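Notes to accompany the following structure.
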Amino acid sequence: MAPGSRAWGALPLLLLPLLLLPAACRAGGGCAGEGGPLEPFDALYASGVEAFYGGDFAGAARCLERALRSRRELRAARLRCRRRCRGQVRLAAPGPGVGGDLSFFGSVLRRAGCVRSCEEPLLGAASRHRAAEEVRADFQRRVPYSYLQRAYIQLNKLEEAANAAHTFFMANPEHMEIQQDIENYMTTAGKVSLVDREAKQHMEDYTAGVRHYDKEEYELAIVFLERALKEYYSEDEDCQIMCEGPQRFEEHEYLEYKAGLYEAIADHYMQVLACKHDCVRELAMRSGRISPIENFLPLHYDYLQFAYYRVGDYRKALECAKSYLLFHPDDEDVLENAGYYKGLLEATMDPDTIKPRKEAKMLLQRHKLESHLLQVAAAGLGYAYTEPNYWNRYGARQDEHSVPSSISSEPEDGPRLSLAKKPMPKPDRELKEGGPLLYSDVKFVYNSQQLNGTQRVLLDNVISEEQCRELHRVASGIMLAGDGYRGKTSPHTPNERFEGATVLKALKYGYEGRVPLKSARLFYDISEKARRIVESYFMLNSTLYFSYTHLVCRTALSGQQERRNDLSHPIHADNCLLDPEANECWKEPPAYTFRDYSALLYMNADFEGGEFIFTEMDAKTVTASIKPKCGRMISFSSGGENPHGVKAVTKGQRCAVALWFTLDPLYRELERIQADEVIAMLDQEHLGPSEMNINPKDEL
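What the sequence shown shows, in mature numbering (1 follows the signal peptide of the UniProt record, and there is no 0), is residues -27 to -1, 1 to 673, in sequence order.
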């Protein structure tokens, strides 16, 4: 993206009603100060956001970088102090009789004092670093990097902007505008080596090891996988230590908490223990993913046992096979591998002297003891806990590296990991439909049965003819060719031009006076109306969030329509990779696996072609065909049960509001959150909503 190509300067004035702390980051201001206790990262973040929205992009970048560094230093200081005090103050064993527990509690008090005396000179009072849940969520989603990349654009620092955008994108793979920005950086700045500034090193090395493995570069695979294991166990220790921090009592109001000594200790310790027990899952999580890599730690040993075999180190191959079998003692394939390796070693040594790796054995023993204690607490103390299967190889979690290796009886053939994909799981929620449509003017047309499928509904009169015309006028003033399609003007077919715009862009243009503000507000309002209808009709028992909202028009290109036999949008599913030959849909990246429901609200009918179609999973057998018209909305669940596409638009322009929804708040649309803040500010300033009432008129 060329510097200044996007007029961000006006938009920040819209978003001012964020909770702003006193400014510490104005140009030449307090953000540059060093020394003394560590500055709270939440205050630095708020000051950076304030500077950004005030147009002080240098101050914003400075404060946001300080906020990120402060958060890292906060974690490092806590780790350093807790690790030091673990070594200096050992917990004593309780003795018998009255007062026998004094030695134990005395050591607890001394360790607590050690931690406080270590942390306070570095950090100041502990209360300084208790950030709000919303701020912690922002850092988890890497939102500061979104601000950073925009600030660096304004400062003409394209390399820093590219790295910030890439770091944000790794945790927000659904953010289509960031994808487009990154491609623009690559074009504008030339060859840019993108850096994920929040990358987990053990995950990076694991991924590199698997990549070398796939290329049959086994020596390099061993180097990276062994390094990944070392880093994994180091990160596991850090995770365990960080779990010893404050915990939230979900079932008790802290100020009114009146449990006895041992009940209070048990309540807190069980939460700490559950946190420690879940470190296995935490370390297997990739940025931007809902689920961890299945069977993550054992897979290191599975890859290594084969890689060592291929480089001729049979001793290490057996050692890694035995380590893997600690987690899966009944795995027939690896048992066969281990037997084969023993046969190769018998002539030179006693293979029974080769044992599983000590660190794997110790971690598994600890993990089993944690599980036992948590289950004891659940049974005896009423502590709610369900034990996940952390080492499950065939469970519901989706991952491309889930099938273990097997070894051939022919040495020259060599063993090889069989990395097979798995089919999409069945929905994990009860499927319902037929709930109220909420608005008296909305007309029901067809349900799932009438549309020959599952979780489908067709509605008319969702918006009026006048609203369609007004929305179309807005579209003509705000849409850009290729918007939402990574800048590609013809992403699905060379015979049509695609243009689009987001809700936030519409509001920005409305505020700047480039389109009527009332019309821009209409785009926001009708998308909210659609969300409410979908949530109600499918009788969802949890909130449906926006995942992405896009106003899109596709226009037939003149001179390219004769003997045309392609589709405007090929058959696909919205949250999995459709595989028509296998009759399956694989729920794995790069699919948007977090999407749960989809909807298309049509704005016009004055074009030829462009019918929306559902098909079977073969992508050929059409089960339903829908002709768009003003106010018509088709909605459906986003999985492989609903493959769909769009027939060629052969004349004119077809426009619709495309909406994707998620039940997971972690994947809420970032621009939608910002748009909500804009709307709240507009309402406070009495700039007025659109004439459309988004509240239900008469519940049906």
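Beta carbons: idealized from backbone N, C-alpha and C, even for Gly. None of these values were measured; they are calculated from a predicted model.
Integer Cβ distance of residue i from residue j, believed to fall under 8 Å
i, j, result
"residue 448", "residue 524", "6 Å"
"residue 11", "residue 96", "5 Å"
"residue 635", "residue 569", "5 Å"
"residue 51", "residue 92", "7 Å"
"residue 630", "residue 500", "6 Å"
"residue 605", "residue 575", "5 Å"
"residue 170", "residue 136", "6 Å"
"residue 299", "residue 334", "6 Å"
"residue 581", "residue 623", "5 Å"
"residue 36", "residue 24", "6 Å"
Rounded straight-line distance, which links the Cα of residue j to that of residue i
i, j, result
"residue 647", "residue 477", "7 Å"
"residue 74", "residue 172", "44 Å"
"residue 28", "residue 479", "21 Å"
"residue 530", "residue 492", "28 Å"
"residue 741", "residue 111", "Since the first residue of the chain shown is -27 and the last is 673, residue 741 is not available in this structure."
"residue 131", "residue 475", "24 Å"
"residue 346", "residue 496", "53 Å"
"residue 212", "residue 45", "14 Å"
"residue 237", "residue 160", "59 Å"
"residue 539", "residue 469", "11 Å"
"residue 536", "residue 597", "24 Å"
"residue 301", "residue 363", "12 Å"
"residue 193", "residue 19", "44 Å"
"residue 341", "residue 269", "17 Å"
"residue 484", "residue 494", "10 Å"
"residue 255", "residue 326", "34 Å"
"residue 322", "residue 305", "24 Å"
"residue 592", "residue 328", "52 Å"
"residue 303", "residue 182", "26 Å"
"residue 248", "residue 168", "30 Å"
"residue 324", "residue 295", "11 Å"
"residue 696", "residue 583", "The structure shown does not extend to residue 696, since the chain spans only -27 to 673, so no value can be given for it."
"residue 56", "residue 120", "34 Å"
Chain-order list of residues whose beta-carbon lies under 6 Å from that of residue i (same chain, five-residue window excluded)
i, result
"residue 415", "432, 434 and 435"
"residue 633", "520, 521, 568 and 571"
"residue 677", "Missing from the structure shown is residue 677; the chain here goes from -27 to 673 and no further."
"residue 58", "84, 87 and 88"
"residue 551", "545, 558 and 616"
"residue 509", "408, 409 and 411"
"residue 587", "426, 596, 597 and 617"
"residue 344", "360"
"residue 511", "406"
"residue 627", "527, 580 and 583"
"residue 33", "21, 24, 25 and 124"
Residues of its chain near residue i, where Cβ-Cβ distance is below 7 Å and the 5 sequence neighbours each way are ignored
i, result
"residue 585", "573, 599, 601, 607, 617 and 619"
"residue 507", "517, 570, 572, 608 and 634"
"residue 259", "176 and 266"
"residue 281", "195, 289, 290 and 293"
"residue 603", "438, 441, 575, 576, 577 and 578"
"residue 505", "411"
"residue 699", "The structure shown does not extend to residue 699, since the chain is modelled only from -27 through 673, so no value can be given for it."
"residue 332", "206"
"residue 68", "76"
Sequence-distant residues of the same chain with beta carbon closer than 8 Å to residue i, five excluded per side
i, result
"residue 641", "518, 519, 520 and 635"
"residue 66", "76 and 77"
"residue 43", "11, 12, 13, 14 and 17"
"residue 251", "none"
Residue-level contact to chain B via CB, residue i, 8 Å cutoff
i, result
"residue 39", "Absent from the structure is chain B; it holds one protein chain and no more."
- prompt: Within the chosen definition, does the region 116 to 126 reach the region 66 to 81 through at least 3 CB pairs nearer than 8 Å?
  reply: By the Cβ rule, the region 116 to 126 does not count as touching the region 66 to 81, because fewer than three pairs are nearer than 8 Å.
- request: Determine contact between the region 189 to 203 and the region 270 to 288, defined as no fewer than three beta-carbon pairs at a distance below 8 Å.
  value: In short, these stretches touch, since the Cβ pair count reaches three.
- request: Check whether the region 201 to 215 touches the region 171 to 185, taking contact to mean three or more Cβ pairs, one atom from each stretch, closer than 8 Å.
  value: Cβ pair count under 8 Å is three or more, so yes.
- prompt: Would the region 314 to 325 and the region 286 to 293 be scored as touching if the rule is three or more Cβ pairs under 8 Å?
  reply: Touching, yes.
query: Curious, which full-length beta strand (DSSP E) runs of at least 3 residues does the region 443 to 528 contain?
result: The qualifying runs are 469 to 474.
query: Whole alpha helix (DSSP H) runs in the region 50 to 124 with 4 or more residues, listed along the chain?
result: List check, alpha helix (DSSP H) in window: 75 to 96 and 106 to 113.
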